[in-house]
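*Asks:*
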Amino acid sequence: MAYAQWGTFVIQALNYSVTIKNVAHSWGKFYDSKQIGVAGGNKDNEYEPSAIEGKVIEKGQAFAINACGRSDASSGTEGSFELYDGDTYVGTYTWDCPWGSKTNTSTWTPAGSQPPANSYITQQSGANLDSGALGTVTIQTAKISAF
């Protein structure tokens with residue numbers, strides 16, 4: 002039932018090393034393909050948020066987080082994680098892919114609206130905001146050079 006509600010979030014660290022922090026899911030679970038960080042896989046291979054808490058994605062690399070609803074449950078997947086450059090907060094990504102709803106959400110909230118409060122450009126693409134699976138969402142982040 003709720004396995005149809007899923008999202009894969011591919012984080013691409015373009016020119017700086019990204020740290021994933023404050024990983025949480027309100028509904029559903031994280032799953033892997035027998036190797037955490039790879040897109041897709043078996044929805045029965047569940048892992049806890051702590052398995053990716055503090056994960057560092059080296060610059061030029063990508064890392065995937067897979068989330069879905071629970072089997073035979075009338076709920077989808079909902080959660081969030083924050084991206085950091087070392088100890089510097091870059092922003093928060095949140096998603097909601099509810100079961101039985103016609104609307105999904107996929108939201109990037111940056112640390113600040115513009116330099117100097119925000120020295121990063123982060124964009125997301127690929128989310129299906131209509132009913133069903135959220136699908137694969139790509140989150141690309143780059144650090145802006147000093148003026």
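Numbering (our numbering), first residue to last: 2 to 148. Glycine included, each C-beta is placed from N, C-alpha and C at the ideal position. Small disclaimer: the values here were computed from a predicted structure and weren't measured.
#1: Check whether the segment 90-104 and the segment 43-51 are in contact - that is, three or more C-beta pairs closer than 8 Å.
#2: Give a yes or no on whether the C-beta atoms belonging to residue 38 and residue 14 are separated by under 9 Å.
#3: Would you say residue 25 and residue 81 are within 9 Å of each other, going by their C-beta atoms?
#4: Helix, strand or coil: how does DSSP classify residue 99 here?
#5: State the start and end residues of the unbroken beta strand (DSSP E) segment that holds residue 84.
#6: Roughly how far, in whole angstroms, is the beta-carbon of residue 11 from the beta-carbon of residue 63, given that I think they are within contact range, below 8 Å?
#7: Taking the C-alpha atoms as reference points, what is the distance between residue 144 and residue 121?
#8: Could you pull out every residue in the same chain whose Cβ sits closer than 6 Å to the Cβ of residue 16, ignoring the five residues on either side in sequence?
*Replies:* Looking at the atomic coordinates:
#1: Remark: fewer than three beta-carbon pairs, one from each stretch, lie closer than 8 Å, so the segment 90-104 and the segment 43-51 are not flagged as touching.
#2: Against the sequence shown, residue 38 aligns to sequence position 37. Against the sequence shown, residue 14 aligns to sequence position 13. Not a contact, by the Cβ cut-off of 9 Å.
#3: One-based indexing of the sequence shown puts residue 25 at position 24. One-based indexing of the sequence shown puts residue 81 at position 80. A contact, by the Cβ cut-off of 9 Å.
#4: Residue numbering aside, residue 99 sits at position 98 when the sequence shown is read from its first letter. Secondary structure at residue 99: coil, using DSSP grouped into helix, strand and coil.
#5: Here residue 84 corresponds to residue number 83 of the sequence shown, with the count starting at 1. Segment 78-86, the beta strand (DSSP E) holding residue 84.
#6: Stepping through the sequence shown from its first residue, residue 11 is reached at position 10. Stepping through the sequence shown from its first residue, residue 63 is reached at position 62. Contact check for residue 11 and residue 63: beta-carbon distance about 6 Å, within the 8 Å limit, so the pair qualifies.
#7: The residue you call residue 144 lines up with position 143 of the sequence shown. The residue you call residue 121 lines up with position 120 of the sequence shown. For residue 144 and residue 121, the distance between alpha carbons rounds to 4 Å.
#8: Residue numbering aside, residue 16 sits at position 15 when the sequence shown is read from its first letter. Taken in chain order, the residues that qualify are 60, 143, 144.
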